Every structure is written in C-alpha cells, then in structure tokens.
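For the sequence shown, numbering that gives the first Met the number 0 gives the first residue as 0, with consecutive numbering after it. Following: one structure in structure tokens, then a few remarks.
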Amino acid sequence: MAITMTETAAQRARSFLEQRGKGVGIRLGVKTTGCSGLAYVMEFVDEVDDTDTIFEDKGVKIIIDGKSLIHLDGTELDFVKEGLNEGFEFNNPNAKGECGCGESFNV
C-alpha cells in the first residue's frame, strides 16, 4: 500500500504547513456524499490517531484512516494550476467513475 505526492503537491503542502505554524502533516480521506457516492477530504493533522496509517513522501507526512485507505491505496496527490483555478488533484487508480460536476467518485 502506498500514497504518493508529486513534487509540486509536496511543495504546496509543506508551504501550507509552514504558514500554519503547526501540524504533523495532512490527512487524506473519503466521505460519503455527492452524486457518485464518495468525495475526497483533505485537512491538516495536529495529532495522529492509533488507527491511522502514516506515509511519508518528499518530506510530507500523509495520514489516512483505515476506512479511507482501501479507497485511496495507490493514489498520487498532485497540485495543478489551470488558468485562474488551482488545487490539489487526486490521481486515484481505484476510481471507476466520477459525477458530471467532478465533486464525487465511485469505486
């Protein structure tokens, strides 16, 4: 099992953590919502739970809960800029489809 980041995503995550001034890393997860069933969640982590799995890539700790790990295994996190829009993008090999608006996915 592995979760990875592109160098661009790692640079952005490190920058956010430095600006914040605290935090162990970032949490990636999924929640039930949207047209297709699951949506990605990303947040700062100040404390790691005993049930979390921790990956480290390019100097960033990526924390994932057990329930989300089965949906995110093999995912690469990227950071993309397109015109005026920018944000993190999940390249998830487990996703079988997305809703039309791109807010949710299914496996």
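No residue lacks a Cβ here, since even glycine has one placed at the ideal position from N, Cα and C. Please read all numbers here as calculations on a predicted model, not as lab measurements.
- Between Gly24 and Val79, the C-beta spacing is not below 8 Å.
- With a threshold of 16 other beta carbon atoms within 10 Å, Arg26 meets it and is buried.
- Collapsing the DSSP output to three states places Lys66 in a helix.
- Nearest to Ala94 by alpha-carbon distance, out of Phe54, Leu71 and Glu81, is Leu71.
- Taking C-beta atoms under 8 Å as the contact rule, Asp51 and Ile69 fail to qualify, at a distance of about 14 Å.
- Looking from the CA of Lys66, the closest CA among Tyr39, Phe87 and Asp77 belongs to Tyr39.
- Secondary structure note for Ala8: it is in no beta strand (DSSP E), and the uninterrupted alpha helix (DSSP H) holding it is Glu6 to Arg19.
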